[in-house]
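Below is one structure, written out as structure tokens; comments come after it.
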Amino acid sequence: HRRAWTARGPIGNDVVMELVAQVAGSGKWSMFGNALIVPIGRAPARAVLALRRSGTYQLAEAGMISALAGGVAPTIEKLVVDLRTAFGGAASGRP
């Protein structure tokens, strides 16, 4: 199931949803205007991190953020596995 959320609620923009799905599926980060979308873990990623700011991201910043997201991927994976166990498979869907 594809789901994308912001701090304010679900994302309804189809273009953004497709970009999030592409990033998760490819395992490669992408820039969209002043937003940076980074997969958390290898493809197919279970989650992505989307950051936005007033200016555009530099390549070095994108690389650093991507490395940080990759570093938390094992913790996210463990959380998903633990949720599956706790809820009998309810959290088993991949993006």
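Residue numbers (the numbering used here): 1028 to 1122. Glycine included, every Cβ here is placed at the ideal spot set by N, Cα and C.
Residue pairing from DSSP places TRP1032 in a beta bridge opposite PRO1037. Shown here, ARG1111 sits in a helix according to DSSP, grouped into three states. For ALA1074, the enclosing beta strand (DSSP E) has its first and last residue at 1074 to 1079.
Below 8 Å, too few C-beta pairs join the region 1082 to 1090 and the region 1101 to 1112 to call them touching: fewer than three. Around ALA1062, the same chain offers ALA1077, LEU1078 and ARG1079 as residues with beta carbons nearer than 8 Å, after the five sequence neighbours per side are excluded.
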